[in-house]
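Q: Protein chains in written order, with the numbering used here: chain A, 1 to 185; chain B, 1 to 185; chain C, 1 to 185; chain D, 1 to 185.
No residue lacks a Cβ here, since even glycine has one placed at the ideal position from N, Cα and C.
Below are the structure tokens for one structure; questions will follow.
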């Protein structure tokens, strides 16, 4: 992996943590390079990624290195197979997760998220043991949407770069924060 | 741009991000130097500004460099033309944005914001595609006020320096946070 | 001022900002050294204190340097004259400020703040133009209490060191955050 | 203590503070090495641990150094005696503390915390003066659970490493944050 990409993983990972989008060990990030993908190691801390916290593998074929990768590797693979994404971020933003338990799709109340994300799909899928539903429904949703929320769990964002996937995650959570302030009425 | 100004852009941009006043790619900042203005590049991350994330252009005449600038450049220009501002910050604070959807002007509940900002105007204007309303109403409001909120979008603050514009943004959001705590009753 | 004290001002100032206890330019800090006091400069940013952001003056006599000092210098002086404090921090924590508008004294709901701070006095005093009430009531309250809240404004904490005054501020705000969560019922 | 462990104490301590899990001087951390334990010094700031902020002592026998240790040393000792823990973190997360005052056990509303932590026990024990209840009930609860909340006070987490104990603390607070958003309805 080049220095630039490594730096992006580390700085965006740190900012995901600092802005409360992931807990200490939650979430995972990957980037596609041609037919390969680089994904964060299982159990790594996105807010403190070290040089050894990455696994390089292929998009289509299984690989011995896969065992060290984030358990959600099958979802990342499926996304790369079925969309034009070059980067994927899975995170656990509190407001988006909570809101996903109260509605079937998220309609951003603010101008920015409404314009950038439109209505955000919410899907029902077990991600604790990576389920067939997750591997099927997440990439399907991301053919249309930039970000999808798994009810009561967290979200997957895609982009042409890690920065772009971070952008959608950040905008989603900000919008859901506003939504909860407005629900307070 | 001098080293001091560059440093101000970077440190204030970082603190805007760390204090939750902008999402990863939201917002923009500019400073006036005589008849020129320096503005953050379109798509830059205020929390991680690099040396290449700035565009220098003129206040009055169009310039080829403008295409790289923040899309909200026309609003910044109009502010510099119609007010004494030497710096402008556009940000998306969550509590101020939410509160702007519930009232026609923001009356700070706390002593400090009440004294520093008085009643804060809320205007209705599309900023996604920079609208005639935004270019007209924002500078008009900023002839009287230090900060103006665009309903459901975010705010523009002005000052004699980036620090001062940051001050008004920071005080506004803090006051709106207190307002929501008091609304909780 | 020695290197150690300067370092304390800077790191505690930064942490006051990062934990949301002050907005960008709010608040002030001082430390007593025998009959002198060192106080942050008017308009300084506690989150980014530079070496020139301090004023050294005397506790009892006026001094030309006073004009550069925080406008709340008279309150700091009165505290040092009437209490055993060796450090004073004035900050604007959102939850404590909001709660002070809803009660006449703050009773911490959690074990830690209850033990460390007991009931926290709330006083009514204008601090925008430093008032006779502020100069009288704040030190009077701090003869008994470690921290006092000025209704709708912010708080003053005292300690044998800046670290200790930071401790009381931090515990107060944490406790008021819990209080608002419990009020949500 | 080796450099790696020292680095872990410092970075995890800083992140506990930055993510709002401890106030400036609250909480304590320890790690077991064979029959010894290293614990943070009484009065240290987890967010700014220095090289001198640690006490090394034994798990079973009293030691003169104990007087410098966190007052909650007896609870840490009892945990190491009665469980397989190799690290212990005591912190004061606001949402978990508040929620512990509203229920007798915490049932995480989100998939991740539900899977990782299950139902989280809440116990009643004075920790201000380390009580017999705390020394008895905390280790007892941690024979089954990864984290236990002391009503109205804070929590103890255990792990095979400081990182792991941080993980459970971080997940607990995130889940309680979601719980309060859902209670807002």
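#1: With 8 Å set as the bound, which would you pick, yes or no: does the beta-carbon of residue 133 of chain C sit closer than that to a beta-carbon of chain D?
#2: Counting contacts by CB-CB distance shorter than 8 Å, is residue 122 of chain D in contact with chain A?
#3: To the nearest angstrom, report how far apart residue 32 of chain A and residue 45 of chain C are at their CA atoms.
#4: With a cut-off of 8 Å on the beta carbons, I'd call residue 55 of chain C and residue 41 of chain C a contact; round off their distance for me.
#5: Among residues of its own chain, excluding the 5 on either side of residue 180 of chain C, which ones have a beta-carbon nearer than 8 Å to its beta-carbon?
#6: Against residue 23 of chain A, what residues of chain D qualify as contacts under a CB-to-CB distance less than 7 Å, listed in chain order?
#7: Just by C-beta distance, which residues in the segment 28 to 40 of chain B are closer than 7 Å to chain A?
#8: Could you please give me the residues that DSSP links to residue 121 of chain C through a beta bridge?
#9: Given that residue 256 of chain D touches chain A, what residues does it touch there, using C-beta distances under 7 Å?
#10: Buried or exposed for residue 64 of chain A, please, with buried defined as at least 16 other CB atoms from any protein chain shown within 10 angstroms of its CB.
#11: Closest to residue 17 of chain B by CA distance: which of B:49, B:69, B:85 is it?
#12: What does the Cβ neighbour count give for residue 4 of chain B, buried or exposed, with the cut at 16 atoms within 10 Å?
#13: According to DSSP, is residue 135 of chain B part of a helix, a strand, or is it coil?
#14: Count the other CB atoms, across all protein chains shown, that sit within 10 Å of the CB of residue 28 of chain D; report buried if there are 16 or more and exposed otherwise.
#15: Can you pull the DSSP bridge partners for residue 90 of chain A?
#16: Measure the C-alpha to C-alpha separation of residue 145 of chain A and residue 128 of chain C and round it to an integer number of angstroms.
#17: With H, G and I counted as helix, E and B as strand and the rest as coil, what does DSSP make of residue 69 of chain D?
#18: Is there a Cβ from chain B that is less than 8 Å from the Cβ of residue 8 of chain C?
#19: Can you pull the chain B neighbours of residue 177 of chain A, defined as C-beta to C-beta under 7 Å?
#20: With 9 Å as the limit, tell me which residues of the segment 146 to 162 of chain C have their beta carbon closer than that to any beta carbon of chain B; keep them in chain order.
#21: Please confirm whether residue 122 of chain D and residue 106 of chain D have their CB atoms less than 8 Å apart.
#22: Among the candidates D:20, D:124, D:30, D:24, whose CA atom is the shortest distance from the CA of residue 164 of chain D?
#23: I want to know whether the segment 10 to 25 of chain C touches the segment 133 to 148 of chain B - three or more CB-CB distances under 8 Å.
#24: Applying a beta-carbon distance threshold of less than 8 Å, which residues of chain B neighbour residue 11 of chain A?
#25: Count the other CB atoms, across all protein chains shown, that sit within 10 Å of the CB of residue 92 of chain A; report buried if there are 16 or more and exposed otherwise.
#26: Who are the neighbours of residue 184 of chain A on chain D, taking C-beta pairs under 7 Å?
#27: Counting only beta-carbon separations shorter than 8 Å, does residue 18 of chain A have a partner in chain B?
#28: Classify residue 59 of chain D as helix, strand or coil using the three-state DSSP reduction.
#29: Based on Cα-Cα distance, which residue from C:37, C:70, C:75 lies nearest to residue 58 of chain C?
#30: Between residue 2 of chain A and residue 83 of chain B, what straight-line distance do the alpha-carbon atoms span, to the nearest angstrom?
#31: Alpha helix (DSSP H) containing residue 171 of chain C: first to last residue?
#32: Answer with buried or exposed for residue 62 of chain A, where buried requires no fewer than 16 other C-beta atoms within 10 angstroms of its C-beta.
#33: Flag residue 142 of chain A as yes if its beta-carbon sits less than 8 Å from any beta-carbon of chain D, otherwise no.
#34: Looking at the unbroken alpha helix (DSSP H) that takes in residue 6 of chain D, where does it start and where does it end?
#35: Please decide whether residue 128 of chain D counts as near chain C, where near means a Cβ-Cβ distance under 8 Å.
#36: Under three-state DSSP, which class holds residue 38 of chain C?
A: Well, looking at it:
#1: The residue labelled residue 133 of chain C in the question sits at position 133 within the third chain. Taking 8 Å as the threshold, the shortest C-beta distance from residue 133 of chain C to chain D does not fall below it.
#2: As a position in the fourth chain, residue 122 of chain D is number 122, starting the count at 1. At a cut-off of 8 Å between beta carbons, residue 122 of chain D makes no contact with chain A.
#3: In the first chain, residue 32 of chain A corresponds to position 32, counting from 1. In the third chain, residue 45 of chain C corresponds to position 45, counting from 1. Going from the Cα of residue 32 of chain A to the Cα of residue 45 of chain C covers about 42 Å.
#4: In the third chain, the residue the question calls residue 55 of chain C occupies position 55. In the third chain, the residue the question calls residue 41 of chain C occupies position 41. Sure, about 6 Å apart at Cβ, within 8 Å.
#5: As a working mapping, residue 180 of chain C is identified with position 180 in the third chain. Closer than 8 Å at Cβ, skipping near neighbours: 95, 98, 99.
#6: Counting from one through the first chain, the residue named residue 23 of chain A turns up at place 23. Here the neighbours are 170, 171, 174.
#7: Residues passing the 7 Å Cβ filter: none.
#8: The residue you call residue 121 of chain C lines up with position 121 of the third chain. Answer by DSSP bridge pairing, in chain order: C:105.
#9: With chain D covering 1 to 185 only, the question about residue 256 of chain D has no answer from this structure.
#10: Working through the first chain from its first residue, we reach residue 64 of chain A at position 64. Exposed.
#11: To locate residue 17 of chain B, count along the second chain from 1; it is residue 17. Nearest neighbour of residue 17 of chain B by Cα position, chosen from B:49, B:69, B:85, turns out to be B:49.
#12: Locating residue 4 of chain B in the second chain gives position 4, where the first residue counts as 1. So residue 4 of chain B counts as exposed.
#13: Along the second chain, read from residue 1 onward, the residue named residue 135 of chain B stands at position 135. When secondary structure is reduced to three states using DSSP, residue 135 of chain B falls in the helix class.
#14: Residue numbering aside, residue 28 of chain D sits at position 28 when the fourth chain is read from its first letter. Here residue 28 of chain D is buried, its C-beta having at least 16 other C-beta atoms within 10 Å.
#15: Residue mapping note: residue 90 of chain A aligns to position 90 of the first chain, counting from 1. DSSP lists A:28, A:156 as partners of residue 90 of chain A.
#16: The sequence position of residue 145 of chain A within the first chain is 145, counting from 1. The sequence position of residue 128 of chain C within the third chain is 128, counting from 1. Spanning the two alpha carbons is a distance of roughly 50 Å.
#17: Here residue 69 of chain D refers to the residue found at position 69 when the fourth chain is read from its first residue. It is a strand residue.
#18: Within the third chain, residue 8 of chain C is the residue found at index 8, counting from 1. Any Cβ of chain B closer than 8 Å to the Cβ of residue 8 of chain C would place that residue at the interface, and such an atom is absent.
#19: To locate residue 177 of chain A, count along the first chain from 1; it is residue 177. Under the 7 Å cutoff, chain B gives 94.
#20: Within the segment 146 to 162 of chain C, the qualifying residues are 150, 151, 152, 153, 154.
#21: Taking the fourth chain and counting its residues from 1, one reaches residue 122 of chain D at position 122. Taking the fourth chain and counting its residues from 1, one reaches residue 106 of chain D at position 106. For the pair residue 122 of chain D and residue 106 of chain D, the CB atoms are nearer than the 8 Å cut-off.
#22: What you label residue 164 of chain D is simply residue 164 of the fourth chain in a count that begins at 1. Ranking D:20, D:124, D:30, D:24 by Cα distance to residue 164 of chain D puts D:30 first.
#23: The answer is no - the segment 133 to 148 of chain B does not touch the segment 10 to 25 of chain C, with fewer than three Cβ pairs under 8 Å.
#24: The sequence position of residue 11 of chain A within the first chain is 11, counting from 1. Those are 48, listed as they occur along chain B.
#25: Residue 92 of chain A sits at position 92 when you count from the first residue of the first chain. It counts as buried.
#26: To locate residue 184 of chain A, count along the first chain from 1; it is residue 184. Against chain D, the beta carbon of residue 184 of chain A has neighbours under 7 Å at 184, listed in chain order.
#27: Position 18 of the first chain, counting from 1, holds the residue named residue 18 of chain A. Chain B contact via Cβ: present.
#28: In the fourth chain, residue 59 of chain D corresponds to position 59, counting from 1. Of the three classes helix, strand and coil, the one that applies to residue 59 of chain D here is coil, per DSSP.
#29: For the purposes of this step, residue 58 of chain C is taken as residue 58 along the third chain, with counting starting at 1. When only C-alpha atoms are compared, the closest one is C:37.
#30: The sequence position of residue 2 of chain A within the first chain is 2, counting from 1. The sequence position of residue 83 of chain B within the second chain is 83, counting from 1. A straight-line Cα-Cα distance of about 47 Å links residue 2 of chain A and residue 83 of chain B.
#31: The residue you call residue 171 of chain C lines up with position 171 of the third chain. Per DSSP, the continuous alpha helix (DSSP H) segment holding residue 171 of chain C begins and ends at 162 to 183.
#32: Numbered from 1 along the first chain, position 62 holds the residue referred to as residue 62 of chain A. Residue 62 of chain A comes out exposed.
#33: Along the first chain, one-based indexing puts residue 142 of chain A at 142. Not one chain D Cβ lies under 8 Å of residue 142 of chain A.
#34: Here residue 6 of chain D corresponds to residue number 6 of the fourth chain, with the count starting at 1. Taken as a continuous stretch (DSSP letters only), the alpha helix (DSSP H) holding residue 6 of chain D covers 3 to 18.
#35: Taking the fourth chain and counting its residues from 1, one reaches residue 128 of chain D at position 128. So yes, residue 128 of chain D belongs to the interface.
#36: The count along the third chain starts at 1 and reaches residue 38 of chain C at position 38. Residue 38 of chain C: strand per DSSP, three-state reduction.
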